[in-house]
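**Q**
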Amino acid sequence: MAPESAAEPRLVLLFGGPGAGKGTQADRLSASLGVPHVSSGDLLRERQDHPQVMNSGGLLPDDLVTDIVLARLDCPDAARGAVLDGFPRTLAQASALDAWLKQRGGRISAGLYLDVPQQTLIDRVAARGHVSHREDDTTEVAGRRVAAFLRELPAVLDHYEQLGVLHRIDGAPTADQVQRAIMESLGRAG
Ligand code: AP5
Ligand code: MG
């Protein structure tokens with residue numbers, strides 16, 4: 083049994099397609115919950131392991147991404163939890179996270195799916211491309227990122243729906259309105 087003083091991390095997971103607003107909302111939630119914002123995309127961009135895969139809109143290998151994200155969650159500043167943005171993105175990653183949580187005695191407070199129409203996703207990514215300097219922020223690559231998201235995410239969402247922690251949020255209104263909807267959902271999440 084874990085010692086009484088050991089922290090039991092609580093995670094909020096943010097799901098959604100490219101440009102759904104995961105990073106925007108994760109920053110806000112991280113500030114209001116006082117736990118770090120952990121973005122798999124940011125961690126991978128810092129390392130530049132497979133730039134060609136990322137720049138073309140494909141997914142990186144599950145083992146690599148899982149090792150990097152779980153190592154980040156093991157850092158002391160995440161002892162009480164974190165807001166996870168972009169992970170897990172596949173069922174294999176979700177299973178690895180389940181195993182990690184079991185080992186730590188932690189739990190998922192909520193999984194938030196930011197639901198945004200496909201064309202809006204592509205428009206937001208293309209618009210951000212003018213200032214982001216991300217090589218994957220072009221209309222063409224955004225289309226491939228949306229395809230990867232549509233292929234993998236339904237199974238991940240089903241997984242969290244079955245665990246009873248999934249909340250579907252309309253991600254199309256303004257960022258402030260989406261934030262209010264998220265806070266209402268979390269209020270109900272208990
Ligand atoms: P990642 O960095 O996670 O990118 P993504 O999922 O494609 O999402 P984005 O960061 O583009 O969008 P976002 O949802 O964060 O939206 P944002 O808030 O920025 O992943 C990049 C790559 O890394 C992947 O393609 C893959 O190669 C690899 N990778 C990452 N995780 C992986 C994993 N788990 N497994 C395998 N590979 C992985 O908002 C977007 C824009 O819209 C901004 O300009 C913002 O200001 C604007 N905006 C936000 N909210 C609103 C709103 N409500 N209304 C209007 N505009 C809004
Ligand atoms: Mg992001």
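Residue numbers (the working numbering): 83 to 272. Here a beta-carbon is modelled for each residue, glycine too, at the ideal position from N, C-alpha and C. In this text, all values refer to a predicted model and were calculated from it rather than measured experimentally.
What would DSSP say about His-249, mapped onto helix, strand or coil?
**A** Of the three classes helix, strand and coil, the one that applies to His-249 here is strand, per DSSP.
**Q** Taking contact to mean 3 or more Cβ pairs, one atom from each stretch, closer than 8 Å, check whether the segment 245-261 and the segment 132-151 are in contact.
**A** No, the segment 245-261 does not touch the segment 132-151.
**Q** Apart from the five residues on each side of it in sequence, which residues of its chain come closer than 8 Å, Cβ to Cβ, to Val-228?
**A** Excluding positions up to five away in sequence, the list reads Gly-99, Pro-100, Gln-200, Leu-203, Ile-204.
**Q** Is it the case that the CB of Gln-259 approaches a heavy atom of the ligand AP5 more closely than 8 Å?
**A** Yes.
**Q** Would you kindly work out how many angstroms separate the C-alpha atoms of Asp-159 and Gly-123, rounded to a whole number?
**A** Their backbone Cα atoms lie some 19 Å apart in a straight line.
**Q** To the nearest angstrom, how far is it from the Cα of Gln-259 to the Cα of Val-151?
**A** Using only the alpha carbons, I get a separation of about 29 Å.
**Q** Please classify Glu-86 as buried or exposed, where buried requires at least 16 neighbouring CB atoms within 10 angstroms.
**A** Low per-residue confidence applies at Glu-86: pLDDT is 45, beneath 50, and the placement is therefore not dependable enough to give any value.
**Q** Compare the C-alpha of Gln-130 against each of Leu-183, Glu-217, Gln-261 and name the closest.
**A** Minimum Cα distance to Gln-130 is reached at Glu-217.
**Q** Locate the alpha helix (DSSP H) running through Phe-231, then write down its first and last residues.
**A** Here the alpha helix (DSSP H) through Phe-231 covers 221-244.
**Q** How about the segment 107-125 and the segment 167-175: do they share at least three Cβ pairs that are nearer than 8 Å?
**A** Verdict: yes, contact present.
**Q** Do the CB positions of Ala-102 and Asp-197 come within less than 9 Å of each other?
**A** Contact flag set, yes.
**Q** Taking 9 Å as the cut-off, decide whether the C-beta atoms of Arg-186 and Pro-91 are in contact.
**A** Against a cut-off of 9 Å, the Cβ pair of Pro-91 and Arg-186 comes out as a contact.
**Q** Which value, in whole angstroms, describes the spacing of the CA atoms of Leu-111 and Ser-267?
**A** If I take the Cα positions, the gap works out to 12 Å.
**Q** Going by the CB atoms, is the gap between Ala-164 and Val-213 shorter than 9 Å?
**A** No. Outside cutoff.
**Q** Any idea if Lys-104 is buried or exposed, counting beta-carbon neighbours within 10 angstroms, 16 or more meaning buried?
**A** Buried.
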